[in-house]
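*Asks:*
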Amino acid sequence: MTVPRTLPYIACMAEFNVEFSTIGKVVVVRTQGYLDDAGGKVFREKCTEYINKGCIYFVFNMSETPVINSTGLSILLDLMVQIIDYNEGEVAITGLSTLTKTALRMTGVLTLCDYYETEEEAVAAVTP
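In this text, residue positions in the sequence shown follow our numbering: the first is 290, and each later residue adds one.
(1) Threshold first: 3 residues or longer. Then list the beta strand (DSSP E) segments lying entirely within the stretch 337-399, N to C.
(2) Whose C-beta lies closer than 8 Å to the C-beta of I388 among residues of the same chain, with five residues either side of it excluded?
(3) Specify, as a first and last residue, the run of the alpha helix (DSSP H) that E410 falls within.
(4) Within the same chain, show all residues whose beta-carbon is closer than 7 Å to that of A381, passing over the 5 residues directly before and after it, in chain order.
(5) Report the residue from I364, E379, V316 whose alpha carbon sits nearest the alpha carbon of L393.
(6) If you draw a straight line from the C-alpha of A315 to the C-alpha of K330, how long is it?
(7) Kindly indicate which residue of T337, I345, E353 has the alpha-carbon position closest to the one of G378.
(8) Spatial neighbours of P293 within its chain, please: C-beta separation below 6 Å, excluding the five flanking residues on both sides.
(9) Considering only C-alpha positions, which residue in the set G361, Q371, N358 is nearest to Y339?
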């Protein structure tokens, strides 16, 4: 799903895309582009659809998302709390840029889940 950019001041940022696949009971979420307000809305809605279907094991592969703003961080944190605390699920994350990894550490997001170098390692870590 693609979120179009309409505001001139963010026109230089890449469109945000999110792709979902399942490996066994694990939902792999691959993001691409700048995770901001518009992209975050789609990200949250689609992840929530999977959560509402009973999916509780997630891998967020953000290797194609070099930048995430404060709203994107907030949405990511909210989703993790929903998966981990409210549904007793597990989340692993992979593919973080240095900037995004630092932001996730500073905001405490990486205290909720583990970071893995590869998607395969992340999937193996959360597979029930």
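Ideal placement from N, C-alpha and C gives every residue a C-beta, glycine not left out.
*Replies:* Checking against the coordinates, here is how it stands:
(1) 346-353, 379-383
(2) Residue identity differs from the one stated: residue 388 is Leu in this sequence, not Ile. Hits under 8 Å: P355, V356.
(3) For E410, the enclosing alpha helix (DSSP H) begins and ends at 408-415.
(4) V348, C402, D403, Y405, A411, A414, V415
(5) Distance from the Cα of L393 is smallest, within the candidate group I364, E379, V316, for I364.
(6) Residue 315 is actually Val in this sequence, not Ala. C-alpha separation (whole angstroms): 22 Å.
(7) I345
(8) Only weak support exists for where P293 lies, its pLDDT of 49 falling under 50; the coordinates are left without a value.
(9) Q371
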